[in-house]
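Read the structure below first, then the notes.
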Amino acid sequence: MSLSLEHLATAADRPGPLLLVIADGFGCADAGPSNAITEADTPRLDALMRSPLATELLAHGPAVGLPTEGDMGNSEVGHNALGAGRIFAQGAKLVNKAIADGSMYEGSAWRSVIASGLQGTLHFLGLHSDGNVHSSTDHLYAMLRRAAADGIKDCALHLLHDGRDVGPRTALTYIDATEAVLAEINAEYGADFRIASGGGRMTITMDRYGADWPMVERGYNAHTHGIGREFPSARAAVETMYAESDAGDQYLDEFVVTFDDGVPVGTMSDGDGVVLFNFRGDRAIEISQAYEDVSFAEFDRGQNPQVNYVGLLQYDGDAFIPKHYLVEPPSIDRTISEFLCAEGLRSFAISETQKYGHVTYFWNGNRTGYIDESLETFIEIPSDNVEFNKTPAMKVREITDQTIELLRSGDFDWGRLNFPNPDMVGHTGDLSATIEAIRVLEECVGQLLDVIEELGGVLVFTADHGNADIMYTEKNGVKTPLTSHTLSPVPFAIFDPSNDGDYVLNVPEAAGLSNVAATLINLLGYQAPDEYDKSLLSL
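Quick note on our numbering: the sequence shown kicks off at 1 and runs consecutively.
The structure is reproduced here in structure tokens:
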């Protein structure tokens, strides 16, 4: 099929560029004291959302390729949908199917890792919750039971506390549930399935985009070599750390479970099998490289064992990370950037490190690198390695300043940016810091609106999922921080001062993020591809 686009006969010519602003984690929920967005003073954003060219879009569940209406959206699937222009079945849905029909266990990767476990130890590593954003304990439990049925007797679990996609201090609930599954398996099969190491997801292992390699190193050493604070059980580790500070699960230090003599219960050895049971790619790539890359140089792995490493999915299809995986990832093709590059349109994508891959890799259908380097410019502004509520502005002002330079250069037909702070600060559960994050976002969007008006361009404002819109829940007068994403819809608004009835908003029923790509193509003067979900415009 051709990648060419047909020009719209009714297209309105604009002298300036098109800019897509993605406010990460900016959902639409009822105003109230738990809504950091409505608690902030945002006159420019409020006016934008009151315009005739504003609506709300679905950003969760089946609308972004996830299994059920109860599944929160996330940055990965949100940017996939924005860039692809239609809905693809995503990680959790693909894994659910592969487990249900048994195809996961029929592939060579599962058979190989089981063979390794039969000769040594089988290890499972991943995010330990049912948040269904990066992983699911349902998937873990299914694989544990199948491994036992396939003859595995020796199995060690390396668990990363969540506290981000689920409640901030829920680790003990998940540990107790998993210990019950392990006890059941051990009793039925005469096996030794046990928890061997762990720590918080924002402290060890789950870094992304090269932001904090020492974080990966701490996790690698705990899981592989048994280096970390020693405890007799995972529950003892978490209870002790809870008593020592108010830190949520995501920030707990690494720990190692040991026997009475101090020997770790689950280090890795040559020939062992290792399964990473996360299905989302961004925070799975670096730890995969640490286990697989023979020329790895980001940190000293010590006497790193040669393990048989398998991912739940392949997290980077261009770089082939990991080499072996249990479930085929979604094959996303014919993205908006492919079409617009084929038409010779010049573009830029910009964010700071924490979300840089979202407007590049995920936007381009899980594709690393440029589609056409002669037409595209990607800019990454390095993130600070701090707790995000300590610097709620993050790099939003720097992103804005750089974007304004790009817009005024006259070198680009369109561009996209991600403002990360509603999401990253929202995940900390700090309401006042998140309100400040929204205030900075308001300031910077206002600057961009002014520049777009000056240049005679168009600005489109949206988000990839909710987060900052619900910061806590309240029951019987007790407030509980909500650090996860939400099920809220997200805003969509077009700022086009030159629009004189050239087009109006015409929102299809149950419109979602996948409708944005066709809309952008229309605004750039082209007809959208037939297979794309409908545009939000009548021209």
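Every residue gets a Cβ at the ideal spot worked out from N, C-alpha and C, and that includes glycine.
Source: prediction; values computed, not measured.
Residue i: first and last residue of the uninterrupted beta strand (DSSP E) it sits in
i: residue 197; result: 192–200
i: residue 83; result: Here residue 83 belongs to no beta strand (DSSP E); instead the alpha helix (DSSP H) covers 75–84.
i: residue 157; result: 154–161
i: residue 351; result: 347–352
i: residue 123; result: 122–127
i: residue 54; result: 54–57
i: residue 428; result: That residue, residue 428, is in no beta strand (DSSP E); it is neither H nor E in DSSP.
Beta-carbon gap between residue i and residue j smaller than 8 Å
i: residue 484; j: residue 469; result: no
i: residue 480; j: residue 486; result: no
i: residue 467; j: residue 441; result: no
i: residue 144; j: residue 181; result: yes
i: residue 457; j: residue 52; result: no
i: residue 152; j: residue 125; result: no
i: residue 179; j: residue 222; result: no
i: residue 230; j: residue 256; result: yes
i: residue 175; j: residue 275; result: no
i: residue 304; j: residue 355; result: no
i: residue 536; j: residue 505; result: yes
i: residue 400; j: residue 448; result: yes
Helix, strand or coil at residue i [DSSP, three-state]
i: residue 231; result: strand
i: residue 375; result: coil
i: residue 493; result: strand
i: residue 499; result: coil
i: residue 181; result: helix
i: residue 308; result: strand
i: residue 508; result: coil
i: residue 357; result: helix
i: residue 516; result: helix
i: residue 321; result: strand
i: residue 480; result: strand
i: residue 67; result: coil
i: residue 140; result: helix
i: residue 528; result: coil
i: residue 273; result: strand
i: residue 534; result: coil
i: residue 225; result: helix
i: residue 472; result: strand
i: residue 302; result: coil
i: residue 23; result: strand
i: residue 244; result: helix
i: residue 172; result: helix
i: residue 204; result: coil
i: residue 131; result: coil
Span of the alpha helix (DSSP H), counted from its first residue to its last, around residue i
i: residue 409; result: 396–409
i: residue 15; result: Careful: residue 15 lies outside any alpha helix (DSSP H) and carries neither H nor E.
i: residue 416; result: It is not in any alpha helix (DSSP H) - residue 416 instead sits in the beta strand (DSSP E) that spans 414–419.
i: residue 437; result: 431–455
i: residue 117; result: 108–119
i: residue 216; result: 213–220
i: residue 93; result: 91–100
i: residue 47; result: 43–49
i: residue 340; result: 336–342
Contact test: residue i Cβ vs the ligand SAH heavy atom, cutoff 7 Å
i: residue 426; result: Within the structure as shown, the ligand SAH is missing, as the structure has no ligands at all.
Neighbour-count burial assignment, residue i, 16 or more Cβ in a 10 Å radius
i: residue 395; result: buried
i: residue 111; result: exposed
i: residue 390; result: exposed
i: residue 362; result: buried
i: residue 543; result: Any question about residue 543 goes unanswered here, given that the chain covers just 1 to 539.
i: residue 385; result: exposed
i: residue 428; result: buried
i: residue 259; result: exposed
i: residue 454; result: exposed
i: residue 286; result: buried
i: residue 214; result: exposed
i: residue 7; result: exposed
Residue from the options whose Cα sits closest to the Cα of residue i
i: residue 311; options: 185, 281, 373 and 2; result: 281
i: residue 95; options: 277, 41, 212 and 176; result: 277
i: residue 367; options: 175, 321 and 537; result: 321
i: residue 202; options: 232, 7, 165 and 108; result: 165
i: residue 268; options: 328, 251, 327 and 155; result: 155
i: residue 501; options: 538, 413 and 529; result: 538
i: residue 241; options: 270, 171 and 493; result: 171
i: residue 343; options: 461, 525 and 88; result: 525
i: residue 482; options: 249, 350 and 314; result: 249
i: residue 98; options: 439, 329, 449 and 79; result: 329
i: residue 370; options: 340, 29 and 236; result: 340
i: residue 58; options: 511, 520, 533 and 518; result: 511
i: residue 21; options: 404, 477 and 475; result: 404
Residue i at chain C interface by Cβ criterion, 8 Å
i: residue 492; result: Absent from the structure is chain C; it holds one protein chain and no more.
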